[in-house]
Amino acid sequence: IVAEGVETEDQYNYLLERNCERIQGYFFSRPLPEEKVMDLIDSH
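First residue of the sequence shown? That's 1 in my numbering, and the numbers climb one at a time after it.
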């Protein structure tokens with residue numbers, strides 16, 4: 001199960017407290033062009 005549409009820290013913490021392991025949404029990042037995604041991956 002993936003929790004989608006997470007936009008706030010409160011939502012994120014709520015899901016973590018309930019042991020949700022897959023979380024995605026604007027809280028982490030807005031959509032990025034491919035080259036920005038590659039830069040992000042390379043930097044981590």
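All residues carry an ideal CB built from backbone N, CA and C; glycine is no exception.
Note that the structure is a prediction, hence the values are computed from the model and not measured.
| What does I23 pair with, by DSSP beta-bridge criteria? | According to DSSP, which records beta bridges pairwise, I23 is partnered with A3.
| task | Might you give, ordered along the chain, the residues of its own chain that have their beta carbon closer than 7 Å to the beta carbon of F5, omitting 5 neighbours on each side? | result | For the record, residue 5 in the displayed sequence is Gly; it is not Phe. Excluding sequence neighbours, G5 sits near G25.
| Span separating the alpha-carbon of E9 from that of M38 | The alpha-carbon atoms of E9 and M38 are separated by roughly 25 Å.
| What three-state label does DSSP hand S43 in the structure shown? | Helix at S43.
| CA-CA distance, S29 and R18? | Those two C-alpha atoms are separated by around 22 Å.
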